[in-house]
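A quick write-up on the structure given underneath.
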Ligand SMILES: [Zn+2]
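In the working numbering, the protein residues as written are 859 to 1079.
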């Protein structure tokens, strides 16, 4: 998940009233995603593969400039798609899995540090997990426009909590034997472990890259 950062909320094709179970079509006309989808991948890639591999992969994605000047605003989702394509073609699946998961967790940590107000975090941590989950899912739905690009996002707040993305940007154009949208998995899991229940496990149970119609994430604790 990418943060909204300082970008203005798109006026068109965006619904901010997402509730669990409702479909949202975020930022359809804009196709933009928060910069965490670039900057946290850069951090995770550096930690896992080192500076040379990172420079090579960002160069192949046409995004070398972002290593010198990280994006501060929402980016064109095509840049995120290009970065993930370059990652897939340059790294073994297991390494790719770790990097994307780490990048997602780093994004979750960023959101907790800068975007989710402290009193809200305290409230969620003190509520029974099912109640906290419902509130967190509703908040994630309201902010889907910041991380889903042109994908359609939907969520269900009751156990098992579920997230679904149709036309997910993280795996667009990918073919994989197993679900590969680990960026979202890592981000959802970090947020749920911190705010809802520390034993939360998030699994992507179906993925367009594996031949499914949509990417589906199952959240359990
Ligand atoms: Zn997927």
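Glycine included, each C-beta is placed from N, C-alpha and C at the ideal position.
Closer than 7 Å to some heavy atom of ligand 1: that describes the Cβ of residue 1066. DSSP lists 1023 as the beta-bridge partner residues of residue 1073. As summarised for the stretch 956-1024, the continuous beta strand (DSSP E) elements at least 3 residues long and confined to that stretch are 1010-1014 and 1019-1024, given in chain order. Closest in C-alpha terms to residue 1013, from the list 964, 987, 1075 and 917, comes 1075. The alpha-carbon of residue 1032 is positioned some 12 Å away from that of residue 951. With a threshold of 7 Å, the Cβ atom of residue 1020 does not count as near ligand 1, since no heavy atom of the ligand is closer than that.
With respect to the 8 Å criterion, residue 1045 and residue 966 are classified as neighbours on the basis of their beta carbons.
Distance between residue 1030 and residue 983, taken at the CA atoms: about 35 Å. At the C-beta level, residue 1018 and residue 1078 come within 8 Å of one another.
DSSP, read as helix, strand or coil, puts residue 1062 in strand. Ranked by how close their Cα comes to the Cα of residue 941, the residues 1057, 995, 891 and 999 have 891 in first place. Nearest Cα to residue 990 within the set 1050, 1038 and 897: 1050.
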